[in-house]
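Trainee:
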Amino acid sequence: MVDLENRYFEWLKNKVKFPNSEHYSKLLNHLHKRYFQYDIIPMDGNRSEDGIDLRYRGFGYDENVDQHDIERYLDHRDCSMLEMMVALAVRAENIVGNSVCGDRTGVWFLYMLVSLRLKGMDDEHYDETAVDIAIDRFLNHDYKPNGEGGLFIVNDPPHDMRDTEIWNQMCWFLSENA
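Shown next, in the form of structure tokens:
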């Protein structure tokens, strides 16, 4: 059902609103079309599961969508890059969030775009080839040892970020920045 897919995509975008995020529809759409792959570090499969689980625990709950409809209309595909990143931003906020700062899910998502070097890819400056190169660099762990070019930049990581599962990368990042 196309309506449910569109509703879900809009819900994902709303979860990670940041200043001027409405000008990033091409990038967000492309991130949703690209699948998250985790061939190098098997534990990153947990991030894929989080993205798929977001369909149920996040979208299904928030939008009162029946589990069977999600299974039927949304579970025909693997976890997208967007789903994985949104789920990770939600997890980051669940770890360090507090009522004083308000919901910073969009802030954590924006940090990921900056680290991936995709923040400049608004609709006016969008370059799909450059976006694919950035995604491939991340998926192949072909980024800097401090995480630059991946999802998180850590000034002094305890280990090479390229050899570290995404969960630990996020925890180190939050320790420095939250």
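Residue numbers (our numbering): 17 to 194. Heads up, the beta-carbon is just placed ideally off N, CA and C, and yes, glycines get one too.
1) Quick check: what's the CA-CA separation for residue 74 versus residue 44?
2) Whole-angstrom Cβ separation of residue 46 and residue 147, contact assumed at under 8 Å?
3) If the criterion is Cβ atoms closer than 8 Å, does the pair residue 54 and residue 64 meet it?
4) Runs of 4 residues minimum, wholly inside the stretch 62-109: which ones carry the alpha helix (DSSP H) assignment?
5) Need the endpoints of the alpha helix (DSSP H) that residue 185 sits in, please.
6) Using only the alpha-carbon positions, how far apart do residue 157 and residue 23 sit?
7) Suppose the cutoff is 8 Å on Cβ atoms and the five residues either side in sequence are ignored; what does the same chain contact list for residue 99 look like?
8) Where does residue 51 fall in DSSP's three states?
9) Quick one: Cα of residue 90 to Cα of residue 76, how far?
10) Looking at the secondary structure, which residues open and close the alpha helix (DSSP H) in which residue 155 lies?
11) Can you find at least 3 beta carbon pairs, one from the stretch 135-143 and one from the stretch 113-125, that sit closer than 8 Å?
12) Which residues mark the beginning and the end of the alpha helix (DSSP H) in which residue 130 is found?
13) State the DSSP-derived secondary structure class of residue 164, mapped to helix, strand or coil.
14) For residue 88, does the count of other Cβ atoms within 10 angstroms reach 16, so buried, or fall short, so exposed?
15) If residue 126 and residue 34 are in contact, beta carbons under 8 Å, what's the gap, nearest whole angstrom?
16) Less than 8 Å separating the beta-carbons of residue 177 and residue 161?
17) Assuming residue 32 contacts residue 102 (C-beta within less than 8 Å), just tell me the rounded distance between them.
18) On the criterion of 16 or more Cβ atoms from any shown chain inside 10 Å, does residue 109 qualify as buried, or is it exposed?
Mentor: Inspection of the coordinates gives the following:
1) 18 Å
2) 6 Å
3) yes
4) 83-89
5) 182-193
6) 32 Å
7) 28, 48, 52, 67, 68, 70 and 71
8) strand
9) 11 Å
10) 144-155
11) no
12) 121-131
13) coil
14) exposed
15) 4 Å
16) yes
17) 5 Å
18) buried
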